[in-house]
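Q: These protein sequence lines map, in sequence, to chains A and B.
Residues 120 to 440 in the working numbering are what the first sequence lists, from first letter to last.
Residues 120 to 440 in the working numbering are what the second sequence lists, from first letter to last.
Protein chains: 2
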Amino acid sequence: MSASFPETPRIAIIGAGALGCYYGARLVKAGEDVHILARSGRAALTAQGLKVKTPTERITARKVHIYGSSAEIGPCDLVIIATKATANEALRQVLPPLLKPDTVVLTLQNGLGVEEPVAEVAGPDRVIGAICYIGCVRTAPGVVACSFPGLMTIGKFGKPAGERTHAVAALWRRAGVKCTAQDNLELQRWHKLVWNVPFNGLAIVAGVTTDVLLADEGLRLLARRIMEEVVEAAAKFGHEIPRSFVDLQFERTAKMAAYRPSSLIDFEEGRDLEIEEIWGEPVRRAKSVGAAVPRMEMLYWLIKQRIAQRNAQLKAKARKR
Amino acid sequence: MSASFPETPRIAIIGAGALGCYYGARLVKAGEDVHILARSGRAALTAQGLKVKTPTERITARKVHIYGSSAEIGPCDLVIIATKATANEALRQVLPPLLKPDTVVLTLQNGLGVEEPVAEVAGPDRVIGAICYIGCVRTAPGVVACSFPGLMTIGKFGKPAGERTHAVAALWRRAGVKCTAQDNLELQRWHKLVWNVPFNGLAIVAGVTTDVLLADEGLRLLARRIMEEVVEAAAKFGHEIPRSFVDLQFERTAKMAAYRPSSLIDFEEGRDLEIEEIWGEPVRRAKSVGAAVPRMEMLYWLIKQRIAQRNAQLKAKARKR
Chain A
120 MSASFPETPR IAIIGAGALG CYYGARLVKA GEDVHILARS GRAALTAQGL
170 KVKTPTERIT ARKVHIYGSS AEIGPCDLVI IATKATANEA LRQVLPPLLK
220 PDTVVLTLQN GLGVEEPVAE VAGPDRVIGA ICYIGCVRTA PGVVACSFPG
270 LMTIGKFGKP AGERTHAVAA LWRRAGVKCT AQDNLELQRW HKLVWNVPFN
320 GLAIVAGVTT DVLLADEGLR LLARRIMEEV VEAAAKFGHE IPRSFVDLQF
370 ERTAKMAAYR PSSLIDFEEG RDLEIEEIWG EPVRRAKSVG AAVPRMEMLY
420 WLIKQRIAQR NAQLKAKARK R
Chain B
120 MSASFPETPR IAIIGAGALG CYYGARLVKA GEDVHILARS GRAALTAQGL
170 KVKTPTERIT ARKVHIYGSS AEIGPCDLVI IATKATANEA LRQVLPPLLK
220 PDTVVLTLQN GLGVEEPVAE VAGPDRVIGA ICYIGCVRTA PGVVACSFPG
270 LMTIGKFGKP AGERTHAVAA LWRRAGVKCT AQDNLELQRW HKLVWNVPFN
320 GLAIVAGVTT DVLLADEGLR LLARRIMEEV VEAAAKFGHE IPRSFVDLQF
370 ERTAKMAAYR PSSLIDFEEG RDLEIEEIWG EPVRRAKSVG AAVPRMEMLY
420 WLIKQRIAQR NAQLKAKARK R
């Protein structure tokens with residue numbers, strides 16, 4: 120990443136799910152040159168554009184460029200990966216046509232081990248990871264309901280933030296996204312896991328929203344124990360997360376009322392989940408450095424079984440039709 | 120327990136569930152003097168007697184003595200508690216009319232801490248505990264389907280087996296129940312927990328039969344880890360359970376095919392469960408001596424939440440009617 124980042128970058132967004140549409144709408148609205156790769160619903164997206172509703176704003180981007188293949192888009196300055204990590208196998212085909220020597224690739228995916236598949240295709244030196252604190256759902260093609268627009272933290276894969284990481288953060292801020300560039304991407308990822316591992320996980324296993332989790336004495340204590348395991352595992356990698364951060368998670372969650380974590384929504388609506396990135400990989404990394412994570416591992420196993428069971432039920436239902 | 124046990128004891132059985140009916144039928148058939156206290160279905164029980172079907176036999180006890188209160192039964196030589204531990208609060212009223220100075224009280228309940236409530240009412244010195252290895256369900260009043268007649272281990276509460284413990288074991292053997300008297304009742308209870316804690320527990324949390332648990336790689340490993348926690352906790356109390364016993368559980372469970380643990384049946388049919396005796400008390404005792412039982416504790420919390428959720432759903436349903 121030696122070349123400086125252009126003033127008006129050509130931007131590709133891979134994926135027109137909730138994140139792709141939300142951030143896409145913001146960028147289009149800010150006048151950026153955005154090209155969206157959508158697996159489905161392209162006619163509706165082209166005809167109706169993007170519509171985002173947040174608690175304080177309505178963003179409408181009527182004219183958007185929608186594509187069915189990355190070859191049609193061609194090389195870009197910035198590629199934003201807004202698909203799930205479960206679709207990362209496809210990056211080997213999807214990414215190359217979008218790349219030129221100085222393209223920056225930004226992945227919005229959750230969990231650990233999400234930069235590596237991008238680095239394998241694009242090379243490690245141009246990969247940036249984003250941690251998105253956001254609550255939004257896609258309710259129809261191009262239509263996103265955003266309950267919590269949140270903020271975004273970005274960092275360079277395996278290295279401190281450079282000039283281009285800061286340029287990408289500035290691009291987001293111009294588009295109205297609160298974004299900061301940080302020097303330690305992995306520490307940021309572990310920070311987000313502190314909430315995601317217990318709350319997304321227990322929501323699936325117990326099948327309940329965050330208010331129910333907090334109201335149950337055992338589950339509330341369990342969420343805390345799991346958070347402590349995440350903090351201790353992160354510490355083994357030299358990532359210091361203060362204990363007060365754990366308390367803060369409970370204070371914040373209490374304010375979220377009956378929040379349906381994204382994993383619970385995906386689970387209930389029969390969609391793929393980032394099991395390995397949010398639960399499997401953190402457990403494997405923790406164990407590889409001798410961190411004791413019995414509850415995280417148990418949660419991982421329970422989630423995996425639950426999703427396997429759901430998938431078997433969906434398959435049986437589909438067969439009946 | 121100084122007096123010797125009579126040749127033909129007057130026997131009371133508290134509870135006409137699966138266990139009460141199964142063991143009651145065996146005792147009646149063996150010519151014993153049996154008096155059964157039943158909370159409900161008394162007319163049917165009196166009219167039709169007890170019917171038990173095992174893989175190899177059919178036992179019919181046409182004439183049985185059924186009662187609605189323990190006062191009607193009066194003092195007995197042996198009182199068999201065949202209700203759930205969740206009903207133990209009632210023992211304060213139910214037990215006293217059945218007792219005379221030398222009455223032996225035998226509890227068939229599962230888990231830890233089940234002798235204590237009996238001892239509080241009847242005094243510790245005449246309490247015997249039984250660990251029943253049996254698979255049976257009550258399909259109608261007095262009708263029991265027994266998939267695995269199993270065996271019974273009995274022991275005196277807090278002391279080595281005495282003359283009367285051996286006499287009770289001999290009574291069971293005369294009635295066709297494989298029964299041995301052991302000197303260390305608590306060790307026997309921990310033995311049974313090795314299977315009950317993971318398999319009954321995970322069956323509830325995952326909502327599946329034992330074959331599904333064994334077929335799932337994560338849950339199978341989790342069951343093993345939980346068993347190891349039980350074994351380590353027992354060891355802290357001086358109860359040595361060999362590691363080979365853990366392997367044996369998996370071999371035996373594999374032969375059980377699609378077995379529905381009794382707790383899963385109770386859970387699915389909306390009945391009370393012995394949560395504290397099977398999960399809560401073992402966790403508390405283990406922690407009191409510094410044993411690390413993170414998975415057992417997590418399982419306990421998940422089960423409690425799941426049952427609370429089920430009870431709330433049942434209540435909401437009942438309100439709608």
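Ideal Cβ placement from N, Cα and C applies to all residues, glycine included.
Could you give the distance in angstroms between the alpha-carbon of residue 165 of chain B and the alpha-carbon of residue 172 of chain B?
A: 19 Å
Q: Measure the C-alpha to C-alpha separation of residue 288 of chain A and residue 249 of chain A and round it to an integer number of angstroms.
A: 10 Å
Q: Quick one: residues in its chain with C-beta nearer than 6 Å to the C-beta of residue 311 of chain A, no 5 flanking neighbours on either side, listed in chain order?
A: 250
Q: With 9 Å as the limit, tell me which residues of the segment 409 to 420 of chain B have their beta carbon closer than that to any beta carbon of chain A; keep them in chain order.
A: 411, 413, 414, 416, 417, 418, 419, 420
Q: Is the Cβ of residue 355 of chain A closer than 8 Å to any Cβ of chain B?
A: So no, residue 355 of chain A is outside the interface.
Q: So within the segment 135 to 194 of chain B, which uninterrupted alpha helix (DSSP H) runs reach at least 4 residues, ignoring any that extend past its ends?
A: If you keep only unbroken alpha helix (DSSP H) runs of at least 4 residues inside the segment 135 to 194 of chain B, you get 137 to 148, 161 to 167, 189 to 192.
Q: Let me make sure I understand the geometry here. Which of B:313, B:198, B:177, B:167 has the alpha-carbon closest to that of residue 156 of chain B?
A: Here the closest residue by C-alpha is B:198.
Q: In this structure, how does DSSP classify residue 375 of chain B when only helix, strand and coil are distinguished?
A: coil
Q: Runs of 4 residues minimum, wholly inside the segment 205 to 257 of chain A: which ones carry the alpha helix (DSSP H) assignment?
A: 210 to 213, 234 to 241
Q: Taking the CB atoms as reference points, tell me whether residue 222 of chain B and residue 196 of chain B lie closer together than 8 Å.
A: yes
Q: To the nearest angstrom, how far is the alpha carbon of residue 128 of chain A from that of residue 424 of chain B?
A: The C-alpha of residue 424 of chain B is placed about 51 Å away from the C-alpha of residue 128 of chain A.
Q: Considering only the alpha carbon of each residue, which of A:141, A:193, A:189 lies closest to residue 179 of chain A?
A: A:141
Q: Can you list, in chain order, the residues of its chain with a C-beta nearer than 8 Å to that of residue 152 of chain A? Leave out the 5 residues immediately preceding and following it.
A: 127, 128, 129, 130
Q: Should residue 300 of chain B be flagged as near chain A, meaning a C-beta pair shorter than 8 Å?
A: no
Q: When you compare the CB of residue 335 of chain B with every CB in chain A, is at least one pair closer than 8 Å?
A: yes
Q: Excluding the 5 residues preceding and the 5 following residue 275 of chain B in the sequence, name in chain order all residues of the same chain whose CB lies nearer than 7 Å to its CB.
A: Excluding sequence neighbours, residue 275 of chain B sits near 247, 281, 284, 304.
Q: How big is the Cα-Cα spacing for residue 422 of chain B and residue 322 of chain B?
A: 10 Å
Q: Who are the neighbours of residue 424 of chain A on chain B, taking C-beta pairs under 7 Å?
A: 325, 335, 337, 338
Q: Rounded to whole angstroms, how far is the Cβ of residue 426 of chain B from the Cβ of residue 392 of chain B, which I believe are closer than 8 Å?
A: About 6 Å separates the two Cβ atoms, so the contact holds.
Q: Of the residues A:324, A:338, A:254, A:388, which one's Cα is nearest the Cα of residue 433 of chain A?
A: A:388
Q: Based on Cα-Cα distance, which residue from A:235, A:216, A:190 lies nearest to residue 207 of chain A?
A: A:235
Q: Could you name the residues of chain A that residue 427 of chain B contacts, counting a contact when the two beta carbons are closer than 8 Å?
A: For residue 427 of chain B, the chain A residues whose C-beta falls within less than 8 Å of its own C-beta are 335, listed in chain order.
Q: Which residues, in chain order, does the segment 341 to 368 of chain A contribute to contact with chain E at a C-beta distance below 8 Å?
A: Within the model displayed, chain E is absent; protein chains A and B are what it includes.
Q: What residue from B:352, B:375, B:372, B:217 has the CA that sits closest to residue 188 of chain B's CA?
A: B:217
Q: Please state the DSSP three-state secondary structure of residue 327 of chain B.
A: coil
Q: What residues are listed by DSSP as bridge partners for residue 262 of chain B?
A: In the DSSP output, where bridge partners are listed per residue, residue 262 of chain B has B:170, B:259.
Q: Could you tell me the boundaries of the beta strand (DSSP E) in which residue 129 of chain B lies?
A: 129 to 133
Q: Expressed to the nearest angstrom, what Euclidean distance is found between the alpha-carbon atoms of residue 211 of chain A and residue 240 of chain A?
A: 6 Å
Q: Could you give the DSSP three-state label for residue 267 of chain B: helix, strand or coil?
A: strand
Q: Within 10 Å of its beta-carbon, does residue 315 of chain A have 16 or more other beta-carbons around it, so buried, or fewer, so exposed?
A: buried
Q: To the nearest angstrom, how far is it from the Cα of residue 406 of chain B to the Cα of residue 349 of chain B?
A: Taking the Cα positions, residue 406 of chain B is about 11 Å away from residue 349 of chain B.
Q: From this set, A:266, A:357, A:318, A:395, which residue's C-alpha is nearest residue 369 of chain A's C-alpha?
A: A:318
Q: Grab me the residues of residue 400 of chain A's own chain with a C-beta within less than 7 Å of its C-beta, minus the 5 sequence neighbours each way, in chain order.
A: 230, 231, 232
Q: For the putative contact between residue 351 of chain B and residue 228 of chain B, defined by C-beta atoms under 8 Å, what is the C-beta separation to the nearest angstrom?
A: Residue 351 of chain B to residue 228 of chain B, Cβ: 24 Å. No contact.
Q: May I ask you to report which of helix, strand or coil DSSP gives residue 197 of chain B?
A: strand
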